Amino acid sequence: MINKSDSLDTIKRTFQWDIPEYFNIADAVCDRWADGSGRRALVIEHNDNESVSYSFDQLKDLSDRLAAHWRDIGITRGDRIAIFLPQSLETVVAHLAAYKLGAIALPLFYLFGPDALSFRLNNSQARLLVTDGPGAAKIAKMLHDDLPHLDDIYCTEAQPPEDMRSFWGSLPQTAGDFQAAQTRADDLAVIIYTSGTTGKPKGATHAHRVLLGHLPGVELSHDFFPQPDDLMWTPADWAWIGGLLDVLLPSLYHGVPVLGRRFEKFEASAVFALMARHHVRNVFFPPTALKMLRSAESDPRQKWDLKLRSVASGGESLGDELIAWGKKALGVTINEFYGQTECNVVVSGCGALYPRVSGAIGRAVPGHDVAIVDSDGKPLPTGEVGHIAIRSPDPVMFLGYWGNPQATHEKFAGAYLLTGDLGRMDGESYIYYVGRDDDVITSAGYRIGPGPIEECLLKHPAVQMAAVVGKKDAQRTEIVKAYIVLAPGFEATAALTAEIQQHVRERLAAHEYPREISFLDEMPTTVTGKILRRELRDLA
Numbered sequence: 041m042i043n044k045s046d047s048l049d050t051i052k053r054t055f056q057w058d059i060p061e062y063f064n065i066a067d068a069v070c071d072r073w074a075d076g077s078g079r080r081a082l083v084i085e086h087n088d089n090e091s092v093s094y095s096f097d098q099l100k101d102l103s104d105r106l107a108a109h110w111r112d113i114g115i116t117r118g119d120r121i122a123i124f125l126p127q128s129l130e131t132v133v134a135h136l137a138a139y140k141l142g143a144i145a146l147p148l149f150y151l152f153g154p155d156a157l158s159f160r161l162n163n164s165q166a167r168l169l170v171t172d173g174p175g176a177a178k179i180a181k182m183l184h185d186d187l188p189h190l191d192d193i194y195c196t197e198a199q200p201p202e203d204m205r206s207f208w209g210s211l212p213q214t215a216g217d218f219q220a221a222q223t224r225a226d227d228l229a230v231i232i233y234t235s236g237t238t239g240k241p242k243g244a245t246h247a248h249r250v251l252l253g254h255l256p257g258v259e260l261s262h263d264f265f266p267q268p269d270d271l272m273w274t275p276a277d278w279a280w281i282g283g284l285l286d287v288l289l290p291s292l293y294h295g296v297p298v299l300g301r302r303f304e305k306f307e308a309s310a311v312f313a314l315m316a317r318h319h320v321r322n323v324f325f326p327p328t329a330l331k332m333l334r335s336a337e338s339d340p341r342q343k344w345d346l347k348l349r350s351v352a353s354g355g356e357s358l359g360d361e362l363i364a365w366g367k368k369a370l371g372v373t374i375n376e377f378y379g380q381t382e383c384n385v386v387v388s389g390c391g392a393l394y395p396r397v398s399g400a401i402g403r404a405v406p407g408h409d410v411a412i413v414d415s416d417g418k419p420l421p422t423g424e425v426g427h428i429a430i431r432s433p434d435p436v437m438f439l440g441y442w443g444n445p446q447a448t449h450e451k452f453a454g455a456y457l458l459t460g461d462l463g464r465m466d467g468e469s470y471i472y473y474v475g476r477d478d479d480v481i482t483s484a485g486y487r488i489g490p491g492p493i494e495e496c497l498l499k500h501p502a503v504q505m506a507a508v509v510g511k512k513d514a515q516r517t518e519i520v521k522a523y524i525v526l527a528p529g530f531e532a533t534a535a536l537t538a539e540i541q542q543h544v545r546e547r548l549a550a551h552e553y554p555r556e557i558s559f560l561d562e563m564p565t566t567v568t569g570k571i572l573r574r575e576l577r578d579l580a
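In the numbering used here, each residue carries its 1-based index in the sequence shown increased by 40.
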C-alpha cells in the first residue's frame with residue numbers, strides 16, 4: 041500500500057510489485073477478512089431507501105455454498121459464468137464463487153439488449169448465467185437456438201421461470217467439504233468486453249493478478265485510499281471494469297465496505313441524498329455523471345450533509361470548469377485517472393500528493409511504465425504527440441483478446457501496449473490526452489486533437505456537453521465540426537453559434553475553432569457514457 045507520508049519521488053523510487061505465484065481474488069477480497077468478527081463488507085440499498093448490510097463472514101459462507109453447488113453440477117476451472125445483474129448481493133456472491141472454482145467470470149452490463157447479450161454469451165461460450173427477473177425476461181427470448189452453449193440459468197427471484205434454476209434455492213445448507221481452487225496469479229479470472237468505441241466488442245481477458253495491478257492507481261486517485269471510515273460507492277455498473285476493478289474489488293481487498301445502489305434514472309437530488317444518508321466518503325463518478333450533477337446543483341452542500349473525502353473520475357477528460365465546480369460544490373479536488381479495459385488506471389491525478397495541471401490527465405501511477413511512442417513502439421521526445429503506451433509486462437495488463445490472437449497482436453508495438461489514444465508528456469511527466477488515434481483532425485496541414493477544443497467549448501456557459509470531429513472538406517482536407525448539447529435556458533441561434541465560435545477562436549487558435557456547429561438534444565454515447573464520435577462523424 042502506498043504510504044501517505046512519502047513524497048512522489050520516494051514512492052516511485054521504492055515501489056515494488058509484490059505478485060505472489062499463487063493468488064485468488066476471492067480469497068484476497070473476502071475470505072481473509074472472514075474471521076468471525078462480523079466486519080461489514082457490503083451495504084445494499086433498495087428502491088425504498090431501506091438498506092441491508094452484509095459481513096465478510098456472510099459473503100464467505102454464501103460464496104462457498106454456491107461454489108460447492110456449481111462444483112457438484114460439473115463446473116470446473118476455465119468454465120465461463122455470466123453475471124447479468126445490477127449492483128446487488130447476488131452479484132458479489134456469484135463473482136466470488138466463480139473465482140473460488142477457478143472458473144472465469146463474465147460480467148454483463150445490466151442494460152444490455154438481446155443483440156449485445158447474444159454476442160457476448162456466444163463469443164465466450166458461457167456455460168452458466170446468473171440474472172434476476174427483468175434479466176430472465178430478456179434471456180427467455182433468446183434461449184435454445186440463440187444460446188447453444190448455455191447449460192443453466194439461475195434466477196434470483198423467489199419464483200424463477202420454470203426453465204430456470206432458483207439461485208437461492210440451489211444453495212446447499214453448508215459448503216460441505218468445499219475447497220477453493222489454488223489459482224496462480226496469472227490464471228484467467230475474468231473476461232470484460234470492450235465497450236465498442238472502436239468496432240465490434242472484444243473480450244479482454246484478465247488474470248487474478250489484475251486486482252493487484254489496480255491497487256496503486258485506486259489508492260492514488262482516492263488520495264491514499266483507504267483511510268479510517270472510508271465507504272465507497274459508484275453509480276457505474278459493476279459489470280464494467282470501472283465499477284468492478286476501480287471500486288468493488290479494490291475496496292473489499294482493503295476491507296472497506298462498498299455501497300450498492302442502482303437508480304432506475306440518474307437524478308442529482310437522489311444521488312446527493314444517497315451519499316448524505318450513508319456518509320459516503322469515496323466515489324467514482326463517470327464524467328457524464330459529474331456533468332449531470334453540475335447542471336443540476338451549483339452548491340449541493342447547502343442542502344445535503346455530504347462527507348466526501350475523495351472523488352475520482354475517468355473515461356473522458358473533465359476540463360478546468362468541471363474540476364473547479366467539484367472543488368466548490370463537493371469540497372474535494374476530483375482526481376482524473378486514465379486507462380482502458382485492456383490496461384486500466386495507469387495514469388492518475390492525486391490532489392493530496394501533487395498539484396493538478398490544467399489540461400493534464402495526471403502522471404504515470406508508480407509501478408506502470410507509461411510512455412509516448414511512435415507507431416513502432418519507440419519512445420518520442422518530451423512534448424511530441426504520439427501513442428499513449430504502457431510497457432509490457434504489467435500486472436494490470438490483459439492477457440489478450442478472447443479467441444482473437446490477431447487483434448491481440450495488433451494491440452502491441454515492440455515492448456509497448458498501444459492504447460489507441462494520442463497524447464503528449466511534458467518535462468514534469470504530466471500526460472496530456474489529445475484524442476483517439478482515429479479522432480485526430482487533419483486540417484490545412486495541422487493535426488488537431490478534439491480534447492482541448494471540447495474543454496474550451498465546455499467553458500462557455502451555454503454548453504452542457506460537447507464533442508468535436510473532423511468533417512471532410514475539399515480545400516482543407518477536414519474542418520473542425522462541433523456537436524453541442526445546450527445547457528438549460530439557452531436556444532440554438534445563429535448568434536449563439538457565432539458567439540461560441542469566437543469563444544474558441546479567442547481562447548485556443550484560429551485554426552482550431554469549429555467552422556461548423558450542430559446542436560443536439562442528446563449526445564450519442566456508449567453504455568459507459570463515452571461519446572461515440574464515429575456516429576458523429578457519420579452525421580457530419
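We treat Cβ as the ideally placed atom computed from N, Cα and C, and that holds for glycine. Computed from a prediction, not measured in an experiment: that's the story for all the values here.
* Are the Cβ atoms of I121 and A134 separated by less than 8 Å? -> Looking up residue 121 in the sequence shown gives position 81. Looking up residue 134 in the sequence shown gives position 94. Contact: yes.
* Asked: Taking the C-alpha atoms as reference points, what is the distance between A215 and A108?
  -> As a working mapping, residue 215 is identified with position 175 in the sequence shown. As a working mapping, residue 108 is identified with position 68 in the sequence shown. About 6 Å.
* Asked: Expressed to the nearest angstrom, what Euclidean distance is found between the alpha-carbon atoms of N64 and L141?
  -> Taking the first residue of the sequence shown as position 1, residue 64 is located at position 24. Taking the first residue of the sequence shown as position 1, residue 141 is located at position 101. When rounded, the distance between both Cα atoms is 10 Å.
* Hey, E337 and S353 are a contact pair by Cβ (cut 8 Å); roughly how many whole angstroms apart? -> Residue mapping note: residue 337 aligns to position 297 of the sequence shown, counting from 1. Residue mapping note: residue 353 aligns to position 313 of the sequence shown, counting from 1. In this structure E337 does not touch S353 by the C-beta definition: roughly 17 Å separates them, more than the 8 Å allowed.
* DSSP three-state call for V480: helix, strand or coil? -> For the purposes of this step, residue 480 is identified with residue 440 of the sequence shown, where counting begins at 1. In the structure shown, V480 falls within a coil segment according to DSSP collapsed to helix, strand and coil.
* **Neighbourhood of S91 by C-beta, 6 Å cutoff - its chain only, sequence neighbours within 5 removed** => Translated into the one-based positions of the sequence shown, residue 91 becomes position 51. Its chain contains V83 and E85 as the residues whose beta carbon lies nearer than 6 Å to that of S91, once the 5 sequence neighbours on both sides are disregarded; these appear in chain order.
* Pick out the complete alpha helix (DSSP H) segments inside the region 169-194, 4 residues or longer, and give them in chain order. => With a minimum length of 4 residues, the continuous alpha helix (DSSP H) runs that stay inside the region 169-194 are 173-180.
* What residues are listed by DSSP as bridge partners for I51? -> In the sequence shown, the residue the question calls residue 51 occupies position 11. Paired residue(s): none; I51 is not in a bridge.
* To do: Check L439 in the structure and name its three-state DSSP category.
  => Taking the sequence shown and counting its residues from 1, the one referred to as residue 439 is at position 399. Collapsing the DSSP output to three states places L439 in coil.
* If you measure from the beta carbon of W73 to each beta carbon in chain C, is any gap under 8 Å? -> In the structure shown, chain C does not exist; there is a single protein chain.
* Asked: Mind checking I179: buried by the 16 CB within 10 Å criterion, or exposed?
  -> Your numbering for residue 179 matches position 139 in the sequence shown. So I179 ends up on the buried side.
* Using 8 Å as the threshold, is the region 292-305 in touch with the region 264-281, meaning 3 or more CB pairs across them? -> Yes: the two stretches touch, three or more of their Cβ pairs being nearer than 8 Å.
* Asked: Nearest-angstrom Cα distance between L125 and D360?
  -> As a working mapping, residue 125 is identified with position 85 in the sequence shown. As a working mapping, residue 360 is identified with position 320 in the sequence shown. About 36 Å.
* **Top-ranked residue by Cα proximity to R464, from A177, A453, H189 and L420** => Here residue 464 refers to the residue found at position 424 of the sequence shown. Considering only alpha carbons, the answer is L420.
* **Test item: CB-CB of V455 and G426 under 8 Å** => As a first step, residue 455 must be located in the sequence shown, where it is residue number 415. As a first step, residue 426 must be located in the sequence shown, where it is residue number 386. In the sequence as presented, Val is not what sits at residue 455; that position holds Ala. Against a cut-off of 8 Å, the Cβ pair of G426 and A455 comes out as no contact.
* Asked: Cβ of V544 within 8 Å of Cβ of P528?
  -> As a first step, residue 544 is located in the sequence shown; it is residue number 504 there, counting from the start. As a first step, residue 528 is located in the sequence shown; it is residue number 488 there, counting from the start. Cβ atoms of V544 and P528: not closer than 8 Å.
* Between F438 and T245, is the Cβ-Cβ spacing less than 8 Å? -> Along the sequence shown, read from residue 1 onward, the residue named residue 438 stands at position 398. Along the sequence shown, read from residue 1 onward, the residue named residue 245 stands at position 205. In contact: F438 and T245 (Cβ atoms closer than 8 Å).
* Okay, do the region 214-234 and the region 62-78 touch, 3+ Cβ pairs below 8 Å being the bar? -> They touch, by the three-pair rule.
* Taking only runs of the alpha helix (DSSP H) that begin and end inside the region 209-272, which ones reach a length of at least 4 residues, in chain order? -> If only uninterrupted alpha helix (DSSP H) runs of at least 4 residues are considered, those enclosed by the region 209-272 are 250-261.
* **Distance between P492 and D67 (C-alpha atoms, nearest Å)** => Mapped onto the sequence shown, residue 67 falls at position 27. Mapped onto the sequence shown, residue 492 falls at position 452. Straight-line measurement puts the Cα of P492 at about 44 Å from the Cα of D67.
* With respect to the beta strand (DSSP E) encompassing H427, which residues constitute its N-terminal and C-terminal limits? -> Here residue 427 corresponds to residue number 387 of the sequence shown, with the count starting at 1. Start and end: G426 to R431.
* Note down the Cα distance separating V287 from M315, rounded to an integer number of angstroms. => Sequence index remark: in the sequence shown, residue 287 carries index 247 (1-based). Sequence index remark: in the sequence shown, residue 315 carries index 275 (1-based). V287 and M315: Cα-Cα distance of roughly 15 Å.
* Nearest-angstrom beta carbon gap, P406 and F55 [assumed within contact, 8 Å] -> Within the sequence shown, numbered from 1, the residue matching residue 55 stands at position 15. Within the sequence shown, numbered from 1, the residue matching residue 406 stands at position 366. Contact between F55 and P406 holds, with the beta-carbon distance rounding to 4 Å and staying under 8 Å.
* Output the boundary residues of the alpha helix (DSSP H) element that contains I65. => Looking up residue 65 in the sequence shown gives position 25. First-last of the alpha helix (DSSP H) with I65: I65 to V69.
* Presumed contact (8 Å Cβ cut-off) between I430 and P256, rounded CB distance -> Start at 1 with the first residue of the sequence shown, and residue 430 comes out as number 390. Start at 1 with the first residue of the sequence shown, and residue 256 comes out as number 216. Contact between I430 and P256 is ruled out by a C-beta separation of about 13 Å, above the 8 Å threshold.
* Within the chosen definition, does the region 194-202 reach the region 147-155 through at least 3 CB pairs nearer than 8 Å? -> Segments in contact, no.
* Asked: Should the region 499-507 be called in touch with the region 533-540, which here means at least 3 C-beta pairs below 8 Å?
  -> Judged by Cβ distances under 8 Å, the region 499-507 makes contact with the region 533-540, as three or more pairs qualify.
* To do: State the beta-bridge partners of M505 as determined by DSSP.
  => Locating residue 505 in the sequence shown gives position 465, counting from the first residue. BP columns for M505 point to V525.
* Could you tell me which of D186, L228 and G175 sits nearest to T116, measuring between CA atoms? => As a first step, residue 116 must be located in the sequence shown, where it is residue number 76. Taking only the C-alpha atoms, the option nearest T116 is L228.
* Answer yes if the region 382-390 comes into contact with the region 334-348, meaning at least three C-beta pairs across the two stretches below 8 Å, and no otherwise. => With contact defined as three or more Cβ pairs closer than 8 Å, the region 334-348 and the region 382-390 are not in contact.
* Mind checking who C383 pairs with in its DSSP beta bridge? => On the sequence shown, position 343 is the one that residue 383 refers to. Paired residues: Q380 and M437.
* To do: Taking R167 and H189 to be in contact with their CB atoms under 8 Å, please state how far apart those CB atoms are, rounded to whole angstroms.
  => Stepping through the sequence shown from its first residue, residue 167 is reached at position 127. Stepping through the sequence shown from its first residue, residue 189 is reached at position 149. The C-beta separation of R167 from H189 comes to about 7 Å, placing the pair in contact by the 8 Å criterion.
* CA-CA distance, R516 and S432? -> As a working note, residue 516 is residue 476 in the sequence shown. As a working note, residue 432 is residue 392 in the sequence shown. The alpha-carbon atoms of R516 and S432 are separated by roughly 39 Å.
* For G78 and L458, the rounded distance between their alpha carbons -> Start at 1 with the first residue of the sequence shown, and residue 458 comes out as number 418. Start at 1 with the first residue of the sequence shown, and residue 78 comes out as number 38. CA-to-CA, the gap between L458 and G78 works out to about 44 Å.
* **6 Å Cβ shell around E259 - same chain, five flanking residues per side excluded** => As a working note, residue 259 is residue 219 in the sequence shown. Taking E259 as the centre and dropping the five residues before and after it, the same chain places the C-beta of I42 and F265 closer than 6 Å to its C-beta, in chain order.
* To do: Take A580 and list the residues in its own chain whose beta-carbon comes closer than 6 Å to its own, dropping the five residues that flank it on each side.
  => Within the sequence shown, residue 580 is the residue found at index 540, counting from 1. In the same chain as A580, and ignoring 5 residues on each side of it, the C-beta atoms closer than 6 Å to its own belong to V509, K511 and K521, in chain order.
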